[in-house]
C-alpha cells in the first residue's frame, strides 16, 4: 500500500522568501510518480509539478522545484520568492507506475501555507 | 480550465435524502476518480473507474455508489444522507499508464468540485 506523509499542518513564510514543504512517502513499487497540487481558498485543485521515480533530475516548474531524494523517500516542494498568491493548501500525492488502468492516487493530508507581507 | 466538468457546483439537501453528482472527464481520458474532502481535511479517495469498470475502491460508504457509463461520464450517488456527508466532492480524470516508464505523468485533472451541504 502507498502512503504519503505531510508533517507540517501549517507554515508561515515572509513574502519573497523561499519555503520548503515536506513530503515523505512509502511504497514498495519501483516505478511511481509524485505530484504536488495547490488548493487555494476558492477550492479548485491546481497541478504544480511532477516527478517520476526514474527521473534523474529534480523537477522544476517556474518558481516550484521538487527536491527528490529517492533513498530517503522524500519529495519536498520548494517555492522560491514566495508571493501573497501562494497562500493556499498544498498536497503531495503519489501514483503507482505501470497500472494497466488501475491507478489509485494517494494524497497526503496537506500543508496550509500562509505568506506574510 | 481542466477540461473536467462537474455538476452541480453546489447542492443543499436534507438528511435522509439522495443526490447524484455528475462528472464528465477530459476528452480522451478513460479513468475517472472520485474524492471526498471534508472541511479542512485532505482528499479521501472513494473510487476509481477505468473505461466503465471499477478498478480501485477506497473508504467509500455502502450508502454511496458510483458508475461510469459507455460515454465515460460518471455519476456518484449518495443516499440516506447524514450531516457528516457534507463535503466537497471532487471528480478527476487521467490517462492510464500503460507501461513502466510510460512518459505520461498520469496527472489527475480535477473538476471544480460539487459542494454538498446536508442540513
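Residue numbers (the numbering used here), protein chains in the order written: chain A, 57 to 173; chain B, 60 to 178.
Yeah, the Cβ is synthetic: ideal placement off N, Cα and C, and Gly gets one too.
| field | Paired residues, beta bridge with residue 107 of chain A - DSSP | value | A:90
| query | If you draw a straight line from the C-alpha of residue 120 of chain A to the C-alpha of residue 117 of chain B, how long is it? | reply | 30 Å
| query | Under 8 Å between C-beta atoms, does residue 165 of chain B make it to chain A? | reply | yes
| request: Round the Cβ separation of residue 95 of chain A and residue 172 of chain A to the nearest angstrom and send it over; I've been treating them as touching at under 8 Å. | output: That belief does not hold up - the Cβ atoms of residue 95 of chain A and residue 172 of chain A are roughly 19 Å apart, past 8 Å.
| message | Cutting at 8 Å between CB atoms, please list the residues of its own chain near residue 160 of chain A, excluding the five before and the five after it. | response | 58, 151 and 152
| said: Taking the beta carbon of residue 96 of chain B as the centre, do at least 16 other beta carbons fall within 10 Å, making it buried, or is it exposed? | reply: buried
| query | Ordered along the chain, which non-local residues of its own chain (more than five positions away) have a Cβ less than 6 Å from that of residue 107 of chain B? | reply | 92, 114 and 115
| Going along the stretch 157–171 of chain A in order, which residues come within less than 8 Å of chain B, judged by CB to CB distance? | 157, 158, 159, 160, 161, 162, 163, 164, 165 and 166
| Between the stretch 131–140 of chain B and the stretch 116–136 of chain A, are three or more C-beta pairs nearer than 8 Å? | no
| query | What residues in its chain sit with their C-beta under 7 Å from that of residue 146 of chain B, if we drop five residues either side in the sequence? | reply | 95, 96, 97 and 175
| Does the distance from the CB of residue 93 of chain A to the CB of residue 102 of chain A come in under 8 Å? | yes
| request: Identify, in the order they occur along the chain, each residue of the same chain with its Cβ nearer than 7 Å to the Cβ of residue 163 of chain A, setting aside the five sequence neighbours on each side. | output: 60, 147 and 149
| Using a Cβ cut-off of 8 Å, which residues of the stretch 95–108 of chain B contact any Cβ in chain A, in chain order? | 100, 101, 102, 104 and 107
| query | Of all the residues that make up the stretch 85–105 of chain A, which are near chain B by a beta-carbon distance shorter than 7 Å? | reply | 87, 89, 91, 99, 100, 101 and 103
| Hey, is the stretch 71–87 of chain B in contact with the stretch 124–135 of chain B, meaning 3+ C-beta pairs nearer than 8 Å? | yes
| task | Measuring only between beta-carbons, confirm whether residue 124 of chain A sits less than 8 Å from chain B. | result | no
| In chain order, each alpha helix (DSSP H) run of at least 4 residues that lies wholly inside the stretch 92–135 of chain B | none
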